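This note's numbering applies: residue 894 is where the sequence shown begins, and numbers increase by one.
Glycine included, each C-beta is placed from N, C-alpha and C at the ideal position.
For clarity, every value in this text was computed on a predicted model and none was experimentally measured.
Notes to accompany the following structure.
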Amino acid sequence: MPSPAHSNRPTPLALFNGSYLSRKPTGIGVVARDLVAALDPDLVPLLDPLAGDRPGSVAIPTNLSPEHGRRGHLQRLRWTQNQLPRLLRASGAPLLLSPLPEAPLLRGVRSVVLVHDLLPLRYPQLTPLLAYHLAYVPLVLHRAVKVLCNSEATAREVHGRLGVPARRLVPIRLGFDPGRLRPLGLERQPFVLVLGRHDPHKNLARVLRAFAAVSDPGRELRLKLVGPADARYTPPLQRLAAELGISERCDWIAWVSDQERLQLLNRCRALVLVSLWEGFGLPALEAMACGAPVIAARAGALPEVVGEAALLVDPRDPAAIADAISRIGRDPSLARALAAAGPARAARFQWDASAQQVLQMLQECS
């Protein structure tokens, strides 16, 4: 990329760390993709592993994303510490903007990072990545110039659990892409949708028990679980489905394209997101944007995301989850009311507004 001194472009405010971007994004990858798309490429150039056509982008290795598993994670961490500082200096940008809590730890590297949740600290698991979550991520957050938080709930947790000063925490609203997610006016079909990984905090065992308890004499109602399989968690969940007698009505789908996701969200009877904790809850926002009725947990950031446009339930009560699924199925007026309220609620979450907030904060920090 030309240096600012030899270009008509303005001096960039920050360099966007796109190392997490991949061809099949989920979660953080979707947020990273949509946030950078809303930012001015002259003010925030992108470190791009996908060889996209964004003006001013800088090519980086293609093997750093979650698609490459644990090896990709380790390669990304090494690249972040060893190569990213050089790219930041070459860009002329005074700040690194990272869509997740990863940044070089070298003194003199000024970073702004986005934190999504502290679930690995809330629900610690003995994995090779435990040290990453217990030591590296907190250090990055403490050294950052500013920490963007995807919700007020996340900001409170980062302050309370890690002691990051409140003055450095900046809650921002995430958004959705209305080109990818919108009501299509399709007829709803008899299936309930779950979007997300199979991690324990996603509470899928209780979702399965709730689904089994829903009265469905014709056994027409199906449960579609869209999310990557995990050797630790998926097989026990599938065994539980067999024990409950619902295996034949459960569809386990590892990944869907944007178009398939749009169709599922426009066809499902309801989206169920009853995690024990969510730092934001992007599937709930996506479902509301498509006019899908949402059943959400009264936990974490979900109540602040869905407001009154969803049915809120106790995530630890399978009977309450089952009752919410049944209510939407037997009460067309309730389903219509939720379908109408969803897009209006989702309209409050716009990437353009998020980008303006981020740019203003970057200008203040430069």
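For residue i, the three-state DSSP class (helix, strand or coil)
i: Leu1116; result: strand
i: Ala1190; result: strand
i: Leu957; result: coil
i: Val924; result: helix
i: Cys1258; result: helix
i: Leu932; result: coil
i: Leu1205; result: strand
i: Gln976; result: coil
i: Val951; result: strand
CB of residue i within 9 Å of CB of residue j, strictly
i: Leu906; j: Leu1169; result: no
i: Phe1104; j: Arg1061; result: no
i: Leu1034; j: Val1040; result: yes
i: Leu1101; j: Asn1159; result: no
i: Ala1185; j: Val1198; result: no
i: Leu940; j: Ile953; result: yes
i: Val1057; j: Val1051; result: yes
i: His1026; j: Val924; result: no
i: Pro1013; j: Ser1004; result: no
i: Ala1203; j: Gly1235; result: yes
i: Val1006; j: Glu995; result: yes
i: Leu1262; j: Ser984; result: There is simply no residue 1262 to check, as the chain begins at 894 and stops at 1259 in what is shown.
i: Phe1069; j: Ala1228; result: no
i: Gly1222; j: Pro1083; result: yes
i: Leu1114; j: Arg1162; result: yes
i: Trp1148; j: Lys917; result: yes
i: Arg1090; j: Gly1053; result: no
i: Gln974; j: Leu999; result: yes
i: Ala1106; j: Ala1212; result: yes
i: Glu1179; j: Leu1074; result: yes
i: Pro992; j: Leu928; result: yes
i: Leu1205; j: Arg1220; result: no
i: Gly945; j: Pro938; result: no
i: Pro1176; j: Leu1088; result: yes
Range of the contiguous beta strand (DSSP E) that encloses residue i
i: Ser991; result: Leu989 to Ser991
i: Asp1144; result: Cys1143 to Ile1146
i: Leu1062; result: Leu1062 to Pro1064
i: Ala1163; result: Ala1163 to Leu1166
Enclosing alpha helix (DSSP H) for residue i [first to last residue]
i: Ile1221; result: Pro1211 to Arg1223
i: Leu1041; result: Here Leu1041 belongs to no alpha helix (DSSP H); instead the beta strand (DSSP E) covers Lys1039 to Cys1042.
i: Pro942; result: Note, Pro942: premise wrong, no alpha helix (DSSP H); not H, not E.
i: Leu1055; result: Glu1045 to Leu1055
i: Leu908; result: Not the alpha helix (DSSP H): Leu908 falls in the beta strand (DSSP E), residues Leu908 to Asn910.
i: Ala1182; result: Leu1175 to Ala1182
i: Pro1196; result: Leu1195 to Val1199
i: Glu1153; result: Asp1151 to Arg1160
i: Leu1034; result: Val1030 to Arg1036
Burial state of residue i, where buried means 16 or more other Cβ atoms lie within 10 Å
i: Pro942; result: buried
i: Leu936; result: buried
i: Thr919; result: buried
i: Val1125; result: According to the sequence shown, residue 1125 is Arg rather than Val. With fewer than 16 other Cβ atoms within 10 Å, it is exposed.
i: Leu1166; result: buried
i: Leu1194; result: It is worth fixing the name first, because residue 1194 is Ala in this sequence and not Leu. With 16 or more Cβ atoms within 10 Å of its Cβ, Ala1194 is classed as buried.
i: Pro959; result: buried
i: Arg969; result: buried
i: Ala1232; result: buried
i: Ser1044; result: buried
i: Gly1072; result: exposed
Any non-hydrogen atom of the ligand NAD within 8 Å of residue i CB
i: Leu1055; result: As for the ligand NAD, it is missing from this structure, which has no ligand bound.
Every unbroken alpha helix (DSSP H) within the stretch 993-1026, with a cutoff of 4 residues, ordered by chain: 1012-1015
field: Completely contained beta strand (DSSP E) runs for the stretch 1078-1131, where each covers 3 or more residues
entry: 1084-1088 and 1115-1119
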